[in-house]
Structures are given as C-alpha cells and as structure tokens.
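*Asks:*
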Amino acid sequence: GQTAPVKDEL
Amino acid sequence: MNIFRFAGDMTHLISILVLLLKVYATKSCSGISLKTQELYGIVFLARYLDLFTDFISVYNTVMKLVFIGSSLAIVWCMRFHRVVKRSYDRDVDTFRHYFLVGGCFLLALFVHEKFSFREVFWAFSIYLEAVAILPQLILLQRSGNVDNLTGQYVLFLGAYRGFYILNWIYRYFTEDQFSRWISCVSGLVQTALYADFFYYYFISWKNNAKLKLPA
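Just so you know, the sequences run in chain order A and B.
Basically the working numbering = 1-based index in the first sequence + 669.
Basically the working numbering = 1-based index in the second sequence + 247.
1) Measuring CA to CA, which of Y295(B), G405(B) and S390(B) is closest to P676(A)?
2) Distance check for G409(B) and C431(B), CA to CA, integer angstroms please.
3) If you drop the 5 nearest sequence neighbours on each side, which residues of the same chain put their C-beta closer than 7 Å to that of S390(B)?
4) Rounded to the nearest angstrom, what separates Y407(B) and Y287(B) at their Cα positions?
5) Which term fits A456(B), buried or exposed, when burial requires 16 or more other beta carbons within 10 angstroms of its beta carbon?
6) Report the rounded CA-to-CA distance for I250(B) versus T308(B), giving the unit in angstroms.
7) Quick one: what does DSSP say K676(A) is sitting in, helix, strand or coil?
8) Would you say N307(B) lies against chain A (beta-carbon separation less than 8 Å)?
9) Determine the chain A residues that contact M212(B) at a beta-carbon separation under 9 Å, and present them in chain order.
10) Determine the DSSP secondary structure at G670(A), reduced to helix, strand or coil.
11) Taking the alpha-carbon positions, what's the R333(B) to V270(B) distance?
12) Does K361(B) come out as helix, strand or coil in the three-state DSSP assignment?
13) Strictly under 8 Å for the Cβ-Cβ distance: is F403(B) near chain A by that measure?
14) Output needed for Y335(B): all residues of its chain with C-beta closer than 7 Å, excluding positions within five of it in sequence on either side, in chain order.
15) Could you check the C-alpha separation between G453(B) and L396(B) for me, to the nearest Å?
16) Quick one: is A379(B) buried, meaning 16 or more other Cβ sit within 10 Å of its Cβ, or exposed?
17) With S334(B) as the anchor, note down where its alpha helix (DSSP H) starts and where it stops.
18) According to DSSP, is N392(B) helix, strand or coil?
19) Compute the Euclidean distance between the alpha carbons of G255(B) and Y417(B), then round it to the nearest angstrom.
20) Alpha helix (DSSP H) containing R294(B): first to last residue?
21) Can you find at least 3 beta carbon pairs, one from the segment 313-322 of chain B and one from the segment 346-358 of chain B, that sit closer than 8 Å?
22) A370(B): buried (16+ other C-beta within 10 angstroms of its C-beta) or exposed?
This is the structure in structure tokens:
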C-alpha cells in the first residue's frame, strides 16, 4: 500500500 | 517549507522564549500551569519519536530538540527548582489533565492515519496538543489578573497553530496528494479554544488595560 507521507511538519 | 509554516514555527519558538524569560528573569512561575507544561512535554515526546530515525533537515531536528528540551526544562524548574517551585500554586492548577491524556490516547487508538506504533503516538500527540492549553486557560480564569509575560506566552502559543492552518490551506492548494485532515481538524479545535482569550487580550490591548479573564 501507499506509505504514509513523511511527517515533515513540527 | 512555506512562509505560513515558518511564521508558525517562529511564533511557537517566541512563545517558548517568552515563557523561559518569565521563569528565569522573575524566578517565578506564578500564573503558569504545570499541567499544561507536562502535557506539552508528553506531546513533543510522543510526536518526535522519529527524531533519531527520520532526518528531514537540520532545522527540523534542531527545532524538535528545542521543543522537547524547553518543555522538559520548564517542567523540571516548576517541580524541582528551589526558588521557582515556591511560586507554583497547586491549589489553582487543579485541572484533571490525566483524563485528557487517557481520552486522547483512546481516540488515537481508533482514529489515526495507519495503525502503527509511530502513527498512533503521532495522532495522540496531535489530539493532546489541541487540548493541552485547557489547564492553563482555566488557571488564568481562576487567578483573575494575568501578568504581561504570561499573557504574551499564551497569545503566541495560540497564534502559532493559526499560522499552521494557513500552511495547511496553502499546501492543500499547491501539493497534489496533501491530506493532513487529523492535523487540520485538531488545529482548528486548538485555535478555537483560544478564541475567547484572543478576544479579551484584544480588548485589554485596545483599552490599554490589564488583561482580565472573566471567571
């Protein structure tokens, strides 16, 4: 499945 | 990175600097809720589990360390610093914040982006941050007059998530598969909780009067 987008926010 | 998110991060940083200034300059934490500070410590520890595994940028890592370090330092000061802890008034800081921790964790178990350890703790930290200010707002209502630094601390803390909402709107329109509905909904709730504080802060600023929250 689609990997969760990297959490780039603080 | 966009200007809204950068403004949000800087506003958040300023709120922390104002709080540190107040505690170190006045050696007093009167008007500050230890429970809100503890909740923020939990928020950052639960959210930045990827601190040592995912490297996004130097900025991202440094800011995470600053947020974790400052929140733990404030909690340590209010609990153990021999001068500061004397000014902590346990009798007005009575919000049962453990219910917030339990409720948010339960919600995160059911509502998350993916059922994994990291994602559940991330959703938990987002929900907990939305309500973490409640003990502080309740304390301010109880203690009546609010000193300037404490008022500015809460003002900047509330404003930062407002900038993040603009950031999510911006990213929604500029990035194709951007979807952060957990952050957005929680961010809206979080910012809404400050609405009455913002109103009374504006009134006190307009009338050049001392900030007073109605009990």
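We put the beta carbon where it would ideally sit given N, CA and C, even for glycine.
*Replies:* Reading it off the structure:
1) Here residue 676(A) refers to the residue found at position 7 when the first sequence is read from its first residue. Going by the sequence as given, residue 676(A) is Lys instead of Pro. Ranking Y295(B), G405(B) and S390(B) by Cα distance to K676(A) puts Y295(B) first.
2) The count along the second sequence starts at 1 and reaches residue 431(B) at position 184. The count along the second sequence starts at 1 and reaches residue 409(B) at position 162. Their backbone Cα atoms lie some 10 Å apart in a straight line.
3) One-based indexing of the second sequence puts residue 390(B) at position 143. Taken in chain order, the residues that qualify are G278 and V339.
4) The count along the second sequence starts at 1 and reaches residue 407(B) at position 160. The count along the second sequence starts at 1 and reaches residue 287(B) at position 40. Whole-angstrom Cα-Cα distance: 14 Å.
5) Translated into the one-based positions of the second sequence, residue 456(B) becomes position 209. A456(B) is exposed by the Cβ-count criterion.
6) Indexing the second sequence from 1 puts residue 250(B) at position 3. Indexing the second sequence from 1 puts residue 308(B) at position 61. Approximately 19 Å between the Cα atoms of the pair.
7) Counted from its first residue, the first sequence places residue 676(A) at position 7. Here K676(A) sits in coil by DSSP.
8) Locating residue 307(B) in the second sequence gives position 60, counting from the first residue. Chain A contact via Cβ: present.
9) Residue 212(B) is absent from the structure shown; chain B starts at 248 and stops at 462.
10) Locating residue 670(A) in the first sequence gives position 1, where the first residue counts as 1. Reliability of the predicted coordinates at G670(A) is poor, the pLDDT of 42 falling under 50, and the value obtained from them is presented with this limitation in mind. G670(A): coil per DSSP, three-state reduction.
11) Residue 333(B) sits at position 86 when you count from the first residue of the second sequence. Residue 270(B) sits at position 23 when you count from the first residue of the second sequence. Each residue's Cα considered, the two are about 12 Å apart.
12) In the second sequence, counting from the first residue as 1, residue 361(B) sits at position 114. K361(B): coil per DSSP, three-state reduction.
13) The residue you call residue 403(B) lines up with position 156 of the second sequence. It does not: the Cβ of F403(B) has no partner Cβ on chain A nearer than 8 Å.
14) Your numbering for residue 335(B) matches position 88 in the second sequence. Correct list, in chain order: C276, L281 and M325.
15) Start at 1 with the first residue of the second sequence, and residue 453(B) comes out as number 206. Start at 1 with the first residue of the second sequence, and residue 396(B) comes out as number 149. The question names Gly, yet the displayed sequence has Lys at residue 453(B). C-alpha separation (whole angstroms): 18 Å.
16) The residue given as residue 379(B) occupies position 132 in the second sequence. Answer is buried; the Cβ neighbour count reaches 16.
17) For the purposes of this step, residue 334(B) is identified with residue 87 of the second sequence, where counting begins at 1. Note, S334(B): premise wrong, no alpha helix (DSSP H); not H, not E.
18) Start at 1 with the first residue of the second sequence, and residue 392(B) comes out as number 145. Strand, per DSSP.
19) For the purposes of this step, residue 255(B) is taken as residue 8 along the second sequence, with counting starting at 1. For the purposes of this step, residue 417(B) is taken as residue 170 along the second sequence, with counting starting at 1. Whole-angstrom Cα-Cα distance: 13 Å.
20) Along the second sequence, one-based indexing puts residue 294(B) at 47. Note, R294(B): alpha helix (DSSP H), L281 to R294.
21) no
22) Residue mapping note: residue 370(B) aligns to position 123 of the second sequence, counting from 1. Label assigned to A370(B): buried.
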